[in-house]
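Chains as they are written, first to last, in the working numbering: chain A, 69 to 179; chain B, 11 to 123.
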């Protein structure tokens with residue numbers, strides 16, 4: 069079992085829909101990253117959060133450290149939101165934190 | 011530039027040849043990661059450097075893979091005797107320290123023919 073699990077693996081939505089992507093992790097962490105990878109493109113960091121909620125434009129990320137769960141929401145989705153969304157948890161090692169990635173959620177928003 | 015720089019951006023090599031992939035992290039970043047992503051697959055952890063500590067090599071798939079980080083800055087990932095299954099995008103990322111926002115390079119696309 070992966071230490072970081074994402075769901076769903078694939079998601080197709082109509083433009084304008086509210087989208088939720090979930091991430092659960094099995095180890096104790098202090099923060100979690102959400103990343104975005106466009107087709108053929110690089111990876112960019114969307115959020116790093118350790119508690120509560122963060123908002124950037126139409127993107128909202130929430131985390132519940134006790135329940136080991138985080139969600140990424142996209143409001144008023146648009147075709148340009150089509151990408152792979154990845155959550156990553158820093159697993160504490162003796163010398164620092166190693167990032168463990170979820171498998172990613174492939175999002176396709178249709179117009 | 012200000013971001014993580016990787017070279018080459020594309021590499022086609024013959025099976026059995028050695029390849030070197032280079033990563034220039036953002037200046038001052040102590041944490042450096044190598045990942046690879048095969049076509050249609052998720053990110054696979056390879057190796058992690060944190061400051062002057064011994065690297066975490068637990069993700070390297072075989073002894074044909076090795077990586078160095080000189081002077082706490084530039085890193086080189088070396089693949090010896092390449093195989094077709096090594097074809098993938100090799101991604102480098104860095105962060106100020108292990109608990110900060112992570113920044114990815116554009117990746118090195120490796121094709122072994």
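Cβ atoms here follow ideal geometry from the backbone N, Cα and C, with glycine treated the same way.
These numbers come from a predicted model, not from an experiment.
Simplified DSSP assignment, three categories, for residue i
i, result
"residue 69/B", "coil"
"residue 147/A", "helix"
"residue 51/B", "coil"
"residue 93/B", "coil"
Opposing strand residues paired with residue i [DSSP bridges]
i, result
"residue 124/A", "127/A"
"residue 136/A", "According to DSSP, residue 136/A bridges with nothing at all."
"residue 59/B", "42/B"
"residue 87/B", "31/B and 77/B"
Status (buried if at least 16 other CB within 10 Å, exposed otherwise) for residue i
i, result
"residue 180/A", "The structure shown has nothing for residue 180/A, since chain A only spans 69 to 179."
"residue 148/A", "exposed"
"residue 120/A", "exposed"
"residue 64/B", "exposed"
"residue 123/B", "exposed"
"residue 158/A", "buried"
"residue 60/B", "buried"
Bounding residues of the beta strand (DSSP E) (the contiguous stretch that carries residue i)
i, result
"residue 79/A", "78-82"
"residue 121/B", "118-122"
"residue 76/B", "75-79"
"residue 175/A", "173-178"
"residue 73/A", "72-75"
| message | Restricting to runs no shorter than 4 residues, where is the alpha helix (DSSP H) found entirely within the segment 19-49 of chain B? | response | Entirely contained in the segment 19-49 of chain B, not one alpha helix (DSSP H) run reaches 4 residues.
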